[in-house]
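> Below is a structure I'd like to ask you about.
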Amino acid sequence: MKFLILGCAIILAGCGDNTPKCNSTDTIETAVSIIKRQYAQMNFSKVEIKNVRTTGKDKDIGMSQCAADVDLGYTSGVNYTKPITYTTQLTDDGENIYVNIWGLQ
Numbered sequence: 000m001k002f003l004i005l006g007c008a009i010i011l012a013g014c015g016d017n018t019p020k021c022n023s024t025d026t027i028e029t030a031v032s033i034i035k036r037q038y039a040q041m042n043f044s045k046v047e048i049k050n051v052r053t054t055g056k057d058k059d060i061g062m063s064q065c066a067a068d069v070d071l072g073y074t075s076g077v078n079y080t081k082p083i084t085y086t087t088q089l090t091d092d093g094e095n096i097y098v099n100i101w102g103l104q
């Protein structure tokens, strides 16, 4: 009986993790929006984030550390792939998501 109770406690403890995932739709859409705004003058025909990896997770503050490749497509037809790292975190009220990106320069 103790094993069953312990198992239930472990399962319920995992349900409280509201750390956003590196590959969640909200995280990816926010990251793409940031990249498009930062490079608005470049007029990319494509901005795609792929090969997403979780490199760390801090459940205490609800933050995930991530790495990925960003494909940038130019209107001339030339494509460029660049490695980036980023963090994703929910606000304390859980209403908004914050994404910080490194490696765009």
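If you count the sequence shown from 1, position 25 lands on 24 in numbering that gives the first Met the number 0, and the numbers rise without skipping.
Yeah, the Cβ is synthetic: ideal placement off N, Cα and C, and Gly gets one too.
Note that this is a predicted model, so its numbers are computed, not measured.
For Arg52, which residues does DSSP report across the bridge?
DSSP, once it has assigned bridges, lists Ala66 as partnering Arg52.
> Just curious, the beta strand (DSSP E) that Thr84 is in, first and last residue?
Start and end: 78–89.
> For Gly72, which beta-bridge partners are listed by DSSP?
Bridge partners of Gly72: Lys45, Asn78.
> Taking Cβ to Cβ, would you say Ile96 is nearer than 7 angstroms to Ile83?
No, they are not a contact pair.
> Does DSSP put Asp57 in a helix, in a strand, or in coil?
Strand, per DSSP.
> Just mark Gln88 as buried or exposed, buried being the case when its beta carbon has 16 or more other beta carbons within 10 Å.
When all chains shown are included, Gln88 counts as buried.
> Suppose you measure from the CA of Leu103 to the CA of Lys81; what does that come to, to the nearest Å?
Taking the straight line joining both Cα atoms gives about 8 angstroms.
> Within 10 angstroms of the Cβ of Tyr85, are there 16 or more other Cβ atoms? Answer buried if so, exposed if not.
With 16 or more other Cβ atoms within 10 Å, it is buried.
> Compare the Cα-Cα distances from Val31 to each of Ser23, Met41, Ile48, Ala39 and report the closest residue.
The option with the nearest alpha carbon to Val31 is Ile48.
> For Ala67, which option in Arg52, Glu28, Ile27 has the closest C-alpha, if you only look at C-alpha atoms?
The shortest C-alpha separation from Ala67 is found at Arg52.
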